[in-house]
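In my numbering, the protein residues as written are 255 to 508.
Heads up: the structure comes next, in structure tokens.
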Ligand code: NDP
């Protein structure tokens, strides 16, 4: 009994003093995640692209919680901007311990009208970005033998989803990326996991009029804070790696 208890204490680690970088932290799921990690004592780096005002109000919220914070504008699909962002965060808050690869887009069109430029934009923003930012933070995680990679995939990776093939492929690619890092880094104190949400009530869902809450078995949209809870769990648990947490109101069961 004693040894089970000790193991539990060891595997649920404190996040106090860790530095978390949330890509696309200005709005939606990223914003809720940044707030939740701040309440657990993390210093928070908020990445944004266009929503400077939202990022700035979040910066204030995080500081009000009592955590250190910075905001960095960067298009995470561009290698140079990623390098600049990771350097800026390291200088301001210290090396990144927890990376939440959250930034994403879901351009919608009838699927046969999707062209190469839609495909490239979606793959670069949703998938290439996660590769670029992970590669940029991993050397220092490996030096310190501690790290958390968390990927915001989607139910679209599992069922095809409602957006289209470009989006589903980008989100399925994130799972492959996550599995590879989990395998490669399991012995180095670095975990790699994904969250596959469905219909979380953010701008991304509100702007798509074909999506309704009655599509889900639970009959309601999810809340960004519910996804943030899963991020906090993955960040604080060292025995979970290579996994996907399905947060989807029962739409896809595994
Ligand atoms: P939102 O549209 O509400 O927010 C998207 C965020 O991504 C914004 O902060 C935006 O920044 C940022 N972003 C977009 N492109 C870039 C870029 N090139 N560089 C940096 N930041 C960028 O999305 P959600 O919060 O709903 O979704 C977050 C993640 O969760 C996405 O990856 C999405 O695919 C995934 N997801 C969401 C689901 C949902 O139902 N909402 C379901 C399944 C998965 P800015 O505004 O500053 O430009």
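Beta carbons: idealized from backbone N, C-alpha and C, even for Gly.
CA nearest to the CA of residue i, picked from the options
i, options, result
"residue 498", "457, 448, 490, 482", "448"
"residue 320", "507, 416, 495, 296", "296"
"residue 475", "451, 484, 301, 394", "451"
"residue 325", "381, 370, 274", "274"
Three-state class that DSSP yields for residue i in the structure shown
i, result
"residue 472", "coil"
"residue 421", "helix"
"residue 396", "helix"
"residue 401", "strand"
"residue 339", "helix"
"residue 357", "coil"
Inter-residue Cα distance where the pair is residue i and residue j
i, j, result
"residue 294", "residue 330", "26 angstroms"
"residue 358", "residue 470", "22 angstroms"
"residue 270", "residue 479", "20 angstroms"
"residue 267", "residue 486", "10 angstroms"
"residue 500", "residue 455", "16 angstroms"
"residue 390", "residue 333", "9 angstroms"
"residue 419", "residue 483", "29 angstroms"
"residue 387", "residue 369", "26 angstroms"
First through last residue of the beta strand (DSSP E) which encompasses residue i
i, result
"residue 446", "444–451"
"residue 325", "323–327"
"residue 413", "No beta strand (DSSP E) holds residue 413; the alpha helix (DSSP H) holding it covers 410–413."
The alpha helix (DSSP H) enclosing residue i, as first and last residue numbers
i, result
"residue 487", "478–490"
"residue 291", "282–293"
"residue 313", "306–319"
With three or more beta-carbon pairs closer than 8 angstroms as the criterion, would you say the stretch 400–409 touches the stretch 337–348? no
(message) Closer than 8 angstroms is the cut-off here; do at least three beta carbon pairs connect the stretch 383–400 with the stretch 429–448?
(response) yes
Exercise for the section: Specify whether the stretch 430–438 and the stretch 372–379 touch according to this definition: at least 3 beta carbon pairs, one from each stretch, less than 8 angstroms apart. Expected result: no
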